[in-house]
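Okay, so here's the structure we're looking at.
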Amino acid sequence: MAAYDCDVLVIGAGIVGLSTAYAITRAAPGTRVVVLEKESGPARHQTGRNSGVIHSGIYYPPGSLKARFALQGSAEMVKFCTEHGIPHEVTGKLIVATDRSELPRLHGLIQRGREHGLPVRELGPAQIAEYEPEVRGLAAIHVSTTGVCDFGAVARRFARLAEDAGTRIVYGTEVTTIGRRPGRVAVRSADGTVHRARALVNCAGLHCDRIARLAGDAPGMRIVPFRGEYFTLAPERAALVRGLVYPVPDPAFPFLGVHLTRGIDGAVHIGPNAVPALAREGYDWRTIRPAELAGTLAYPGSWRIARRHWRYGAGELHRSLSRHAFADAVRRLLPTAREEDLLPSPAGVRAQAVLPDGTLVDDFLFAQSPGMIHVLNAPSPAATASLPIGREVARRVLGLMGGLREQGPSRVAG
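The numbering of the sequence shown is the numbering used here, which starts it at 1488 and goes up by one.
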């Protein structure tokens, strides 16, 4: 058997991949880890393009991975930021009902928050104004454990800590070929370099399904990219929003709707809406990759989403193409906002796993095959939950390697 270059190869240097590398080095010091990243630095996609919110976990069903990891991760993320001097603030947030039809869903969130043991306070219109004088609503809940931080800085700290423990991070390395034999995995990059390892972890985010197929696995889902478009309140109007203000989410969708977020930089970010992206890294309408778009259009799940949710999608598309329509959505929460107050801001793309029947996967999704762990769905709140997610993936891959040592490769349910 050829010599290994390392014990574990991690594909992807977003916050989940770097947290995984960090967790492996903490759980099993001396494990040789190499992280491969096609970009020139860490956190260039989902990690570096989100709203920076440390989610409390209130939205997620009890018993789900999202609930468990967000509840753990929110407290751990605040502690991690404090210990490492990373800018953060626990601001709390409002979830505001602006229409009577939303009140039952708001009450459901109150109950869910209590089931999770979260500090949730019910508010009437006058109490809403105490927190956010410019926000209007029929009722709201205040969740005190929500906050904001710089997730890009968190990812860079994970990278530094992992490197200090011996991890090697190789940037500018795009994976083109993956092969495996009993007990080993070989990965070839675009420049011809081959890395050999005992196990592989796929944390490729927007490309995770493609990497799984490249490895010979059938992931049973496909990433359908949705672009989230943001605006920023003009600096002279930023005082209209003190903290974090969210609408009541529609449980049929994994998106939280257009919300108001005062970031750690003091700027107020507004959004996102969610529209289909024309490329996996399609951060604007001009970015089109025909092969990726063709793959999305050929996938049965994409058409089933469109048929099932066309009304919702039409509204999102309208807000994407019309700043006036986007401003109308903002004014549901913030009546004094004007169209001219909205300044364009960088967009993000959500790597949303979709099943062939059109179901939007609404929980974190991991899969396991001989020598490999695939992280197949890790959108929001994955940044909040990155520490427990990293530990879970580390546990799985180290367990897999233990099995390889003792009895050769075997399939374990993911």
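Glycine included, every Cβ here is placed at the ideal spot set by N, Cα and C.
Please classify residue i as buried or exposed, where buried requires at least 16 other C-beta atoms within 10 Å of its C-beta.
i, result
"V1841", "buried"
"I1615", "buried"
"R1825", "exposed"
"R1773", "exposed"
"V1899", "Note that V1899 has pLDDT 32, beneath the 50 cutoff, so the model's placement of it is unreliable and the number below is only indicative. Exposed, because fewer than 16 other Cβ atoms sit within 10 Å of the Cβ of V1899."
"L1852", "buried"
"R1749", "buried"
Given a cut-off of 8 Å, decide if residue j and residue i are closer than it, judged by their beta-carbon atoms.
i, j, result
"R1758", "Y1717", "It should be noted that the sequence gives Gly, not Arg, for residue 1758. Yes, Cβ-Cβ distance for G1758 and Y1717 is below 8 Å."
"F1556", "I1876", "yes"
"T1585", "G1634", "no"
"V1732", "E1619", "yes"
"V1711", "T1783", "yes"
"T1512", "V1522", "no"
"G1788", "G1845", "yes"
"V1880", "A1686", "no"
"A1530", "R1643", "yes"
"E1827", "Y1658", "no"
"I1698", "A1705", "no"
How long is the line joining the alpha carbons of residue i and residue j, rounded to whole angstroms?
i, j, result
"L1693", "P1866", "10 Å"
"Y1491", "L1874", "28 Å"
"R1700", "R1795", "27 Å"
"L1885", "S1832", "41 Å"
"G1600", "Y1546", "8 Å"
"L1648", "A1510", "10 Å"
"V1672", "I1656", "18 Å"
"L1780", "S1809", "23 Å"
"K1566", "G1528", "25 Å"
"A1508", "T1823", "46 Å"
"P1549", "V1681", "43 Å"
"R1799", "L1720", "Here residue 1799 turns out to be Tyr, not Arg, going by the sequence shown. Cα to Cα, Y1799 sits roughly 25 Å from L1720."
"L1593", "F1740", "16 Å"
"G1889", "H1542", "34 Å"
"M1488", "R1667", "In this predicted model, M1488 has a pLDDT of only 39, less than 50, meaning its place in the structure is not dependable enough to derive any value."
"P1734", "F1713", "20 Å"
"L1821", "N1689", "41 Å"
"I1582", "G1517", "45 Å"
"V1848", "T1660", "29 Å"
Specify, as a first and last residue, the run of the beta strand (DSSP E) that residue i falls within.
i, result
"C1636", "G1634 to C1636"
"A1721", "A1721 -> no beta strand (DSSP E), and no H or E assigned at all."
"H1629", "A1626 to V1630"
"A1673", "R1671 to S1676"
"K1525", "From DSSP, K1525 is part of no beta strand (DSSP E); its letter is neither H nor E."
"L1610", "V1607 to L1610"
"G1750", "First-last for G1750: undefined, no H or E at that position."
"S1538", "Taken as a continuous stretch (DSSP letters only), S1538 belongs to no beta strand (DSSP E), as it is neither H nor E."
"G1738", "Per the sequence presented here, residue 1738 reads as Pro, with Gly not at that position. From DSSP, P1738 is part of no beta strand (DSSP E); its letter is neither H nor E."
Excluding the five sequence neighbours on either side, which residues of its own chain have a C-beta within less than 7 Å of the C-beta of residue i, listed in chain order?
i, result
"A1870", "I1502, T1534, N1537 and F1638"
"S1506", "F1645, S1873, L1874, I1876 and G1877"
"F1742", "A1761"
"L1830", "F1718, T1719 and A1721"
If you follow the alpha helix (DSSP H) that residue i is in, where does it begin and where does it stop?
i, result
"R1685", "Premise fails: R1685 lies in the beta strand (DSSP E), V1681 to N1689, not in any alpha helix (DSSP H)."
"P1591", "L1590 to E1602"
"I1665", "Note, I1665: premise wrong, no alpha helix (DSSP H); beta strand (DSSP E) at V1662 to R1668."
"R1818", "R1810 to R1818"
"Q1559", "L1552 to H1571"
"Y1509", "I1502 to A1514"
"I1698", "C1695 to L1701"
"G1782", "P1777 to A1785"
For residue i, which residues of its own chain have a beta-carbon under 8 Å away from its beta-carbon, when the five flanking residues on both sides are left out?
i, result
"E1576", "G1634, V1635, C1636 and I1751"
"I1597", "V1607, E1609 and I1628"
"P1760", "The sequence shown places Asn at residue 1760, not Pro. Same-chain partners within the cutoff: G1715, E1716, V1745, E1803, R1806, S1807, F1813 and A1816."
Can you determine whether any heavy atom of the ligand ATP sits closer than 7 Å to the C-beta of residue i, and answer yes or no?
i, result
"V1495", "In terms of ligand content, the structure shown is empty, and the ligand ATP therefore cannot be addressed."
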